[in-house]
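Chemist:
Numbering (the numbering used here), first residue to last: 120 to 612.
1) Please classify residue 331 as buried or exposed, where buried requires at least 16 neighbouring CB atoms within 10 angstroms.
2) Indicate the three-state DSSP secondary structure (helix, strand or coil) for residue 429 in the structure shown.
3) Among 385, 480, 217, 452, which has the Cα closest to the Cα of residue 150?
4) Output the distance between the C-alpha atoms of residue 596 and residue 437, rounded to the nearest integer angstrom.
5) Smallest Cα separation from residue 548: which of 155, 221, 602, 274?
6) Verify whether the separation of the beta carbon atoms of residue 282 and residue 238 is less than 8 angstroms.
7) Taking the straight line between their C-alpha atoms, what separation do you get for residue 121 and residue 528?
8) Between which residues of its own chain and residue 158 is the CB-CB distance below 7 angstroms, once the five residues before and five after are set aside?
9) By Cβ distance, which residues of its chain are closer than 8 angstroms to residue 315, with the 5 residues on each side in sequence left out?
10) Should residue 179 and residue 160 be called a contact, given that it needs their Cβ atoms to be closer than 8 angstroms?
11) Applying the criterion that 16 or more other CB atoms from any shown protein chain within 10 Å of the CB defines a buried residue, is residue 356 buried or exposed?
12) Let's test the definition: count the other Cβ atoms within 10 Å of the Cβ of residue 395 and tell me whether it reaches 16, buried, or not, exposed.
13) Am I right that residue 575 and residue 137 are in contact with their C-beta atoms under 8 angstroms? What's the rounded C-beta distance?
14) Who are the Cβ neighbours of residue 577 in its own chain at under 6 angstroms, not counting the five residues just before and after it?
15) Determine the direct distance from the alpha carbon of residue 296 to that of residue 322, and round the result to whole angstroms.
16) Rounded to a whole number of angstroms, what is the C-alpha to C-alpha distance between residue 170 and residue 530?
17) Quick check: residue 262 and residue 307, are their CB atoms within less than 8 angstroms of each other?
18) In three-state DSSP terms, what is residue 161?
19) From the DSSP output, in three-state form, read off residue 544 for me.
20) Run through the stretch 261 to 347 for me and flag every whole alpha helix (DSSP H) of 4 or more residues, listed as ranges in chain order.
21) At 4 residues or longer, what runs of the alpha helix (DSSP H) sit wholly inside the stretch 537 to 604?
22) Which partner residues does residue 494 have in the DSSP bridge list?
23) Below 8 angstroms on the Cβ atoms is my contact criterion, and I expect residue 448 with residue 227 to pass it. Report the Cβ-Cβ distance as a whole number of Å.
24) Where DSSP assigns a beta bridge to residue 177, which residues make up the other side?
25) Do three or more CB pairs link the stretch 185 to 200 to the stretch 348 to 367 at distances below 8 angstroms?
26) Given residue 630, which residues of its chain have a CB within under 8 angstroms of its CB, disregarding the five upstream and five downstream residues?
27) Tell me the DSSP secondary structure of residue 609 in three-state form.
28) Going by DSSP, what residues sit across from residue 217 in a beta bridge?
29) Select from 274, 335, 225 the residue whose C-alpha is nearest the C-alpha of residue 598.
30) Residue 239 lies in the alpha helix (DSSP H); which residues open and close that run?
31) So what's residue 137 in DSSP terms, helix, strand or just coil?
32) Residues in the same chain with beta-carbon distance under 7 angstroms from residue 583, minus the five sequence neighbours each way, listed in chain order, please.
33) If you run the structure through DSSP and keep just helix, strand and coil, what is residue 171?
34) Sort 279, 392, 267, 393 by Cα distance to residue 369 and report the nearest one.
35) Just to confirm my understanding: we take residue 260, look at its own chain, exclude 5 residues before and 5 after, and list those with CB closer than 6 angstroms. What are they?
36) State buried or exposed for residue 110, treating a residue as buried only when at least 16 other CB atoms are found within 10 Å of its CB.
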């Protein structure tokens, strides 16, 4: 067998999953277009900073909206004429670079070397490793707000999980799920806690004690879920929801033939180069986080907030390609390997485009403000606990259409904060309800491009993902409700 036949296959996205989710998103986009003709169109006035001014909602006629249904069909193109497309383009570029780099790293043997080293060191205490990995990934997200960056962790985490005798779902749990849950159980996360507290006029990162308690409760729920699931899979591997798809992944990562690359004497040096690049990403992330605390200009601070993603894309790509070069993949082989890796992840690009298009259609059709207006009126007669739970549910619903925590904050907070004062709800409780609603659903909906890409990497359908995770989401939603109740009872402020 020649070298090309033995080469890695990089990040392979399940074609059926990609086609099904793309079709679903297309359907949601068309349905959103129909809603713009059924739901009354309306808008709030905004201030100089773009924030909604409460009490200024007014209906708008279809003639004023001027958004015919046929334009819904070209929304995936039109969205790239708006400022909202910048983040989407950044994510697309990010996943392209990651896809190309992963194939080079797989062919070079670096991924297998890291996996084998981890298994050799922690194989006899793997549940300690599980506990540590969940805690580390949750902490990184809770403190500095990483989310998209978790894409890079998933293939390696799943390979390690398979090598330890579990399935790829456990690997997904201590990588993507841990990052998402840490994002919700935010302690210093500037993208949700930082933004909402600033808008509420609270001291930055105040109320930390209770948020640490929320973090620990969330950690315990996630770890126990993964622990008992991993134990079940060890006893009976066929109970795994990913049992069939994992057969191919085991051949890819664990077969004797696939481990031939481990004989390369330069693997140790190549791995150190790659790991150093990843550590530099965390340095950039920490520096960005610290810089944001000292910069008062919102525009500059927002731009700095994107530097970790840029740093991840550049340093991960540089480290991976440099590692491949050290192991002997050079010249045309390096470029062709990178190109083949890009090709394998390219089917994920339409997902990102349709997610952006759905939000674009709702904004152009001017019905988001109408939905907010009626929810605002509904909450006015609620008790503090009921109102906070409704706020969390509103954030959960809006999450389906708008993934960005910062964007949701600027959309919702100008309405919610004045209402909170009327209902005698503390601002810290509002921050808590917002973060809990925002974070967990980052990996729940089919409009989450990051989640769909990650489950596509391990050849798991969205239906199987829900079958595996629904009990976890149910538990975390119940815990969130209990934490909100407790926050009200203790007067969290």
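Think of the CB as a built atom: it goes at the ideal place given N, C-alpha and C, for glycine as much as any other residue.
Treat the numbers as computed from the prediction; the structure is a model and nothing was measured.
Modeler: Working from what's here:
1) exposed
2) helix
3) 480
4) Computed Cα separation, rounded: 40 angstroms.
5) 602
6) yes
7) Unreliable placement is indicated for residue 121, whose pLDDT of 41 sits below 50; no coordinate value is reported for it.
8) Listed in chain order, the non-local C-beta contacts of residue 158 below 7 angstroms within the same chain comprise 486, 489, local neighbours out to five positions each way being set aside.
9) Here the set comprises 528, 532, 549, 550, 553, 554.
10) Judged by their CB atoms, residue 179 and residue 160 are nearer to each other than the 8 angstroms cut-off.
11) exposed
12) Per the 10 Å Cβ criterion, exposed.
13) 6 angstroms
14) 277, 287
15) Spanning the alpha carbons of residue 322 and residue 296 requires a straight line of approximately 30 angstroms.
16) Rounded to the nearest whole angstrom, the C-alpha separation of residue 170 and residue 530 is 7 angstroms.
17) Yes, these two residues count as a Cβ contact at 8 angstroms.
18) strand
19) coil
20) If we require 4 residues or more, the alpha helix (DSSP H) runs fully inside the stretch 261 to 347 come out as 273 to 282, 287 to 291, 297 to 303, 314 to 319.
21) 546 to 558, 568 to 576
22) Answer by DSSP bridge pairing: none, since residue 494 is not bridged.
23) A Cβ-Cβ separation of about 6 angstroms places residue 448 in contact with residue 227 under the 8 angstroms criterion.
24) 162
25) Segments in contact, no.
26) Residue 630 lies beyond the residue range present for the chain, which begins at 120 and ends at 612; the question has no answer from this structure.
27) coil
28) Bridge partners of residue 217: none, in fact.
29) 335
30) 229 to 241
31) helix
32) 360, 361
33) strand
34) It is 279 whose Cα lies nearest to the Cα of residue 369.
35) 298, 301, 302
36) Because the chain in this structure spans residues 120 to 612, residue 110 falls outside the shown range and cannot be described.
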